[in-house]
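Each residue of the sequence shown is one higher than the one before, counting from 1 in UniProt numbering. All C-beta atoms, glycine included, are put in the ideal place defined by N, C-alpha and C. Only a predicted model underlies this, so the values are computations on that prediction, with no experimental measurement involved. Below is one structure, written out as structure tokens, with a few remarks after it.
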Amino acid sequence: MRINTTLTIISGGQTGVDQGALDAALDLGSPCGGWCPAGRVDEDGIIPARFPLRELTLGGYKARTIRNLCTADGTLIIYFGDLEGGTELTASHCIKIRKPYRLINGCEISPERAAVVAREFVQRRRLRSLNIAGPRASRRPEGYAYAYSLVKGLLNPPPALNESVSGRLPAKALLAHQDEYPSDEGKHWDQNTGRTQAQSEGASDTNDDEVNG
Numbered sequence: 001m002r003i004n005t006t007l008t009i010i011s012g013g014q015t016g017v018d019q020g021a022l023d024a025a026l027d028l029g030s031p032c033g034g035w036c037p038a039g040r041v042d043e044d045g046i047i048p049a050r051f052p053l054r055e056l057t058l059g060g061y062k063a064r065t066i067r068n069l070c071t072a073d074g075t076l077i078i079y080f081g082d083l084e085g086g087t088e089l090t091a092s093h094c095i096k097i098r099k100p101y102r103l104i105n106g107c108e109i110s111p112e113r114a115a116v117v118a119r120e121f122v123q124r125r126r127l128r129s130l131n132i133a134g135p136r137a138s139r140r141p142e143g144y145a146y147a148y149s150l151v152k153g154l155l156n157p158p159p160a161l162n163e164s165v166s167g168r169l170p171a172k173a174l175l176a177h178q179d180e181y182p183s184d185e186g187k188h189w190d191q192n193t194g195r196t197q198a199q200s201e202g203a204s205d206t207n208d209d210e211v212n213g
């Protein structure tokens, strides 16, 4: 079994997609991390201690979402049917700060096929950290299992898996920009410090109010 241990999975610890992605990485022994809201809150109360997340000093879900996508080399956005709420915010902010991202419609593509898309995205962009974003469990109960299977397939792909992908497309404005922007070379997630490499080398860290923007 050949597991990708060079790619760090980043997510915010919310129920659903976030926790599914992190659990897959943990189960495979792959590096993972990310930022979570002050107080380590999720919709069920407190984010489980097994997730190695860094807590924001100030700020809630929006601040966490923006901090993670700013920190990661690229973002994979999982949605089901329509982009809305936090997933739409994630895509819009990726466009705003020119970060590469990829949209995955879970209603139209299996997690196994989505893993192929994600792997091609990671390889083409030479990403060393990938932020996984998507709806919470109360909005999409299937999100946890979908993200778990996708990330497991991404980090530990089965042999000879090569499928074409098709499906319903999201809003043209968002689709037009996905995967368009180059990742920032040298600005990779450091699991120990919770900062990008460039930040660790002297660039000033932004405070939570600035990230929340």
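Pull up the distance between the alpha-carbon of residue i and that of residue j, whole angstroms please.
i	j	result
P182	I66	Bear in mind that the predicted position of P182 carries a pLDDT of just 47, short of 50, making it unreliable; the figure below should be weighed with that in mind. P182 and I66: Cα-Cα distance of roughly 18 Å.
R136	Y101	19 Å
C32	L22	7 Å
A173	T15	Its pLDDT being 49, under 50, A173 is placed unreliably in this model, and the value from its coordinates should be taken loosely. Rounded to whole angstroms, A173 to T15 spans 28 Å at the Cα level.
E185	R140	For E185, the predicted structure reports a pLDDT of 39, less than 50, and the residue's modelled location is therefore unreliable. The matter cannot be settled from this model.
S164	L56	Reliability fails at S164, whose pLDDT of 43 lies under 50, so the model's placement of it is uncertain and no value is given.
S11	A133	7 Å
D18	E88	15 Å
K187	R98	The predicted model places K187 with a pLDDT of 41, which falls under 50 and marks its position as unreliable, so this point remains unresolved.
D209	P158	Only weak support is given to the placement of D209: the predicted model assigns it a pLDDT of 27, under 50, and the question is left unresolved by the model.
V116	N156	11 Å
T90	R126	21 Å
R54	T6	20 Å
R124	D42	33 Å
G81	F121	21 Å
residue 219	L28	There is no way to answer for residue 219, as the model of the chain reaches only from 1 to 213.
P37	P52	13 Å
A63	W35	9 Å
R40	L26	18 Å
S92	K152	27 Å
D190	K96	Unreliable positioning characterises D190 in this predicted model, as indicated by a pLDDT of 49, which lies under 50. A coordinate reading is not provided.
For residue i, which residues does DSSP report across the bridge?
i	result
S129	T8
I78	I104
V41	I46
C36	E55
Is the distance from the Cβ of residue i to the Cβ of residue j below 9 Å?
i	j	result
C94	I109	no
A147	A24	yes
T71	N4	no
I47	G13	yes
R119	L83	no
A114	L150	yes
Between the options, which has its C-alpha nearest residue i's C-alpha?
i	options	result
S129	D27, Q14 and L69	L69
Y79	G60, R64, P111 and E55	P111
G60	A72, G86 and G81	G86
D73	L103, Y144, I104 and T8	T8
C107	G143, F121 and A38	G143
S138	L26, K152, R40 and D44	D44
I104	G39, T75 and R40	T75
Taking residue i as part of the alpha helix (DSSP H), name the residues at either end of that continuous run.
i	result
A25	V17 to L28
I97	G85 to I97
T57	Where T57 is concerned, there is no enclosing alpha helix (DSSP H), given that its DSSP letter is neither H nor E.
G13	First-last for G13: undefined, no H or E at that position.
G143	G143 to L155
Determine, for residue i, whether the minimum Cβ-Cβ distance to residues of chain D falls below 9 Å.
i	result
N68	No chain D is present in this structure, which holds just one protein chain.
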